[in-house]
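Number of protein chains: 2
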Amino acid sequence: MSITGQLQIGQSQVPGKNGEILALDAATGAALPPAFGGATLGDLDVACALADSAFDLYRVTRPQDRAHFLETIALNILALGDPLIERCMRETGLPRSRLEGERGRTVGQLRLFAAVLRDGTFLDARIDPAQPERTPLPRVDLRLQRIAIGPVAVFGASNFPLAFSVAGGDTASALAAGCPVIVKAHSAHPGTSELVGQAIAQGVRDCKLPEGVFSLLFDSGRTVGQTLVADRRIKAVGFTGSRSGGVALMNIAAAREEPIPVYAEMSSINPVVLLPHALSTRAEAIAADFVAALTLGAGQFCTNPGLVLAVDGAPLREFERAAAQALADVPAATMLTPGINQSYRSGIARLKAQSTVETLGTGQAGEPLQAQAALFATSAADFLGQPVLREEVFGAASLIVRCPDETALLKVLETLEGQLTIAVHAAAQDRFTLGALLPTLEKKAGRLLLDGFGTGVEVGHAMLHGGPFPATSDTRTTSVGSLAIERFLRPVAYQNFLPELLPPALADHNPWAVPQRIDGTLAR
Amino acid sequence: MSITGQLQIGQSQVPGKNGEILALDAATGAALPPAFGGATLGDLDVACALADSAFDLYRVTRPQDRAHFLETIALNILALGDPLIERCMRETGLPRSRLEGERGRTVGQLRLFAAVLRDGTFLDARIDPAQPERTPLPRVDLRLQRIAIGPVAVFGASNFPLAFSVAGGDTASALAAGCPVIVKAHSAHPGTSELVGQAIAQGVRDCKLPEGVFSLLFDSGRTVGQTLVADRRIKAVGFTGSRSGGVALMNIAAAREEPIPVYAEMSSINPVVLLPHALSTRAEAIAADFVAALTLGAGQFCTNPGLVLAVDGAPLREFERAAAQALADVPAATMLTPGINQSYRSGIARLKAQSTVETLGTGQAGEPLQAQAALFATSAADFLGQPVLREEVFGAASLIVRCPDETALLKVLETLEGQLTIAVHAAAQDRFTLGALLPTLEKKAGRLLLDGFGTGVEVGHAMLHGGPFPATSDTRTTSVGSLAIERFLRPVAYQNFLPELLPPALADHNPWAVPQRIDGTLAR
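Listed in order, the protein sequences are those of chains A and D.
Residues 1 to 524 in the numbering used here are what the first sequence lists, from first letter to last.
Residues 1001 to 1524 in the numbering used here are what the second sequence lists, from first letter to last.
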């Protein structure tokens, strides 16, 4: 498949007539051909109409058929071969090994949801049989299953051009649920997006599904995305990106005639808590791991450790010294886009401008479009007094907050907004302290880690990639792992239905062999 | 226990100093002693502080202990005895048999959630064990459970003074989840509310729980409710009431620094579709059942059948005639409050004022505070052209829409907003038509019924009392049945945790014996 610069509207490749998007070489800033045409509102309307008309056909396909569809997409992405990786390297500045890993993760996610579909638990099939003899009133036959919520708008993320983008977790879980998907591609990697979009469109063809199951739109601005979220045919939104972007979509969705759920994964500084005994016994080792986690992928992860909390004293200063020393060896790294690089530099400048913030060390300087990692420190009192210090700096920057005692540390934790992750480093003797912190940690974050860092998000059944606002817009949900499918389902009950009209998952003979809960108890 | 007119703030009965609420005898409009004191914002603050401080203690109680608490509340409500029923009859105008039934339902709901707690599935415990040998990277140990979301504000409903009020489904499911609850009592039945509130507060005492687990506030206006939803310590809201009230709370919750979920069950006209063969063969029988469902409890149910859709012709006219005739025998009924009665009368007058609406029949006229049931008819074209005809008239009024053919009937269905229920009456020969309607029905309502009416909402595992907006604010949820607990839970993941720090539900030795999903598969 070759990159054409065209929109994918169902099965048609359509030249976009609404302005031009240019892919930039992340390392040099040079434009990469071809130019991508932006979608008009007419293109958007066609994509929505196709998705709407595909919905009723697609949502009732057998789960095993949708599983096959997801697996076909996975194979089609692999079949794109090295040209996908090469294009993606140029558009994002990310190294080959990372992108090959991310491709594996993307394919793995599609296959995970195929397994979720074959398992059938996601349908939450429930049967409360009739009790004609019940007194004073007989009980009617009542059955419940979850059905697809409707066409979903997905926004590609800049920092995961494959795993959180066109065929990323949002798309995979929405398609698995039975929802058609319209992706608004991230303008930072349009070529990567088009190739992956072609792989999905090919999967729709391969599996003989209605064409409206998938469309891909480009836009140089915000109009297409905002209009998509406002469109009455769209019933849910998946988004990974900035807090301002996510909140804007939440507001549009809430103001609709029919408000719809927005699943926005936005802002997190992922605090790392270093407890006293861990610091005294292994400050240097933790510092080395910390710097590795901080600078991985130029720090461009939602789970990047942007804040370190510890009680001040010689062990913390030893940690700071070791971290600064390790950081000095870290080469500068190309960031995803010139814009992200600029934001990072502004954030660093903002921290450096605070008289209350000490610069502990930096990584190596590099080319103009490369970013230099940085480590800062401040006091708990200053951190509590200056809200600007709590803002996320997207990239390889972190701020150590020196707390006078554990009470102050807890106080700092309590004032934080919601987080995707909180990591705690603790030795055996820190367990009592950790136990005392745990209730606060649970209320502040979606995932708690011991002796590690939040980077490295496993795609499994027990993953929670979410958290209280503003980490995500909906703390009841995750955007990674098998639970992500629940975002795109809604329950429907069927009362006193004729057996021949019941959905297959609710039939007594259970043709799909899904788990059924009879009167609240799983049947076997 | 006696009615004091005081607020229940944790374990303290406190005289409210912010104005006065008077209970009115629904039948006569006469004031019933005592006067209830409205809560000040200071009272509200104390209740929130108590709830906030109780949260960490309460949410980690063992599920079986919370089950015992719910069962204790159930017994305490029963122990209130006949004075509860008598007070409730006076405040609501509802008959004894209905209120005794509703008390049974309320107690049954509390016991259902006790069973849900003992079952443990609600925790959704998941364990993805470590795979130290996995390549290229070892897999960490990752576990997930759902925890309580935080203190919950519950708004009592006017039309179910027991089952959707102080100890109703919202309170029962929130307490089951591990959330402290602050109830804003409905001003139409303050004495009933206080008695039930005392039964819960007594349960808190009996079970030696922290007092902040429950508080009950009165307010003559909207300030307390709105301030409660805006309070940073409140993390979710349960509401049953008007569309304008629910939307106001949704807007407050969305505008908070930390937006929170609002579960508002609001507006539904519960269409009834009469298919041709059903009409030809049993118009009269359906009409009798319809009039019974329409006029039950003066039509004051969320699931009251406010709209009838059918293809016009002799069988429909026969249904209309039979329904009008049956209606003529229905006595006038006292409504819940003079305000509701006034709204009902305005709604009826509004319909009568439309030249396009024909009055088919009415029930018997009654006292000034009683309402007369009414049945209207219009054409599909007029219905589609006049949005005013689609507005809910809360009470025993219904509108028949005569459709020229099945295409027009489907068109009317498609233009409707979201509904709690849609009922279809179908004979064997209507099955093909029904199958063709089904996709639209599934998209428009939370519960579909064959050959019945939406009134009579079973409290079980397969019940869905919810639906697309504006039936509810969140179509993914139900306010009745065991799934209602999910509204007040959020998942949290624990990575690489020490066994002694893991929550009991996630420990390998599984001390609570809850269902655990290991690598996605339920362990047995």
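Virtual Cβ for every residue (Gly too), placed ideally from N, Cα, C.
This structure is a prediction, so every number in the text was calculated from the model and none was measured.
| query | result |
| --- | --- |
| Using a Cβ cut-off of 7 Å, pull out every chain D residue sitting near Met463/A, in sequence order please. | Leu1142, Ala1493 |
| Under a Cβ-count criterion, where at least 16 other Cβ atoms within 10 Å of its own Cβ denotes burial, should Gly17/A be classed as buried or exposed? | Note on identity: in this sequence residue 17/A is Lys, with Gly being the wrong assignment. Exposed is the call here. |
| What whole-angstrom Cβ distance do Ala125/A and Leu506/A have, given they're in contact under 8 Å? | 6 Å |
| Please state the DSSP three-state secondary structure of Ala1427/D. | coil |
| Quick one: what's got a C-beta closer than 6 Å to Val213/A's C-beta in the same chain, skipping five residues either side? | Ala54, Tyr58, Pro180, Val204 |
| Are the Cβ atoms of Pro1063/D and Val1393/D separated by less than 9 Å? | no |
| At a CB-CB cut-off below 9 Å, which residues of chain A make contact with Pro1504/D? | Neighbours of Pro1504/D on chain A: none; closest Cβ ~13 Å, over 9 Å. |
| Of all the options Gln370/A, Ser479/A, Asn496/A, Leu501/A, which has the alpha carbon lying nearest to the alpha carbon of Phe1432/D? | Leu501/A |
| Is it right to say Leu137/A is buried, meaning 16 or more other beta carbons lie within 10 angstroms of its own, or is it exposed? | exposed |
| What is the residue span of the beta strand (DSSP E) that Leu84/A lies within? | It is not in any beta strand (DSSP E) - Leu84/A instead sits in the alpha helix (DSSP H) that spans 82-92. |
| With a threshold of 16 other CB atoms inside 10 Å of the CB of Leu1041/D, please say whether the residue is buried or exposed. | exposed |
| Answer with yes or no whether the minimum CB distance from Asp128/A to chain D is below 9 Å. | yes |
| When you compare the CB of Leu1137/D with every CB in chain A, is at least one pair closer than 9 Å? | yes |
| At a CB-CB cut-off below 8 Å, which residues of chain A make contact with Thr1475/D? | Ile149, Arg490 |
| Assuming Leu1022/D and Ala1035/D form a contact by the criterion Cβ under 8 Å, report the distance between their Cβ atoms to the nearest whole angstrom. | 6 Å |
| Measuring CB to CB, does Ala157/A end up less than 9 Å from Thr106/A? | no |
| Closer than 8 Å by beta-carbon distance: list the chain D residues that pair up with Gly452/A, in chain order. | Val1140, Gln1495, Asn1496 |
| Against chain A, does Phe1301/D count as a neighbour if the rule is that its beta carbon must be under 9 Å from one of theirs? | no |
| Starting from Asp1219/D, follow the alpha helix (DSSP H) in both directions and report where the run begins and ends. | Element bounds for Asp1219/D: n/a, residue is neither H nor E. |
| Skipping 5 residues on each side, what residues in its chain have a beta carbon closer than 8 Å to that of Ala1428/D? | His1277 |
| Could you tell me the distance, in whole angstroms, from the CA atom of Asn496/A to the CA atom of Leu1410/D? | 22 Å |
| Terminal residues of the continuous alpha helix (DSSP H) containing Pro1063/D? | 1063-1079 |
| Counting only C-beta atoms, is Ser173/A closer than 9 Å to chain D at any point? | no |
| Quickly, what does DSSP pair Thr1334/D with across the bridge? List them, please. | Gln1370/D |
| My assumption, with CB atoms under 8 Å, is that Pro305/A sits in contact with Leu294/A. Please give the rounded CB distance. | 6 Å |
| Which chain A residues sit within Cβ distance under 7 Å of Thr1415/D? | None at all; the shortest Cβ gap to chain A is about 12 Å. |
| With DSSP collapsed to three states, give me the class of Leu1449/D. | strand |
| With distances taken Cα to Cα, identify the nearest neighbour of Val272/A among Gly454/A, Leu112/A, Ser97/A, Pro491/A. | Gly454/A |
| Can you have a look at Pro950/D and say buried or exposed, based on whether 16 or more other CB atoms are within 10 angstroms of its CB? | Absent from the structure is residue 950/D, since the part of chain D shown begins at 1001 and ends at 1524. |
| Would the beta-carbon of Ile1182/D fall within 9 Å of that of Ser1215/D? | yes |
| Do you know offhand how far Cys88/A's Cα is from Asp25/A's? | 10 Å |
| Tell me the residue span of the beta strand (DSSP E) that contains Glu1265/D. | 1262-1265 |
| Under 8 Å, with one C-beta from each stretch per pair, do the stretch 1335-1348 of chain D and the stretch 1365-1376 of chain D reach the 3-pair mark? | yes |
| Going along the chain, which residues of its own chain have a beta-carbon closer than 8 Å to the beta-carbon of Ala1030/D, five neighbours each way excluded? | Leu1024 |
| Let me know the alpha helix (DSSP H) ranges lying completely inside the stretch 89-163 of chain A, each 4 residues or longer, listed in chain order. | 96-119 |
| How would you list, in chain order, the residues of chain A whose beta-carbon sits under 8 Å from the beta-carbon of Phe1239/D? | Those do not exist, as Phe1239/D stays about 15 Å from chain A at its closest Cβ, beyond 8 Å. |
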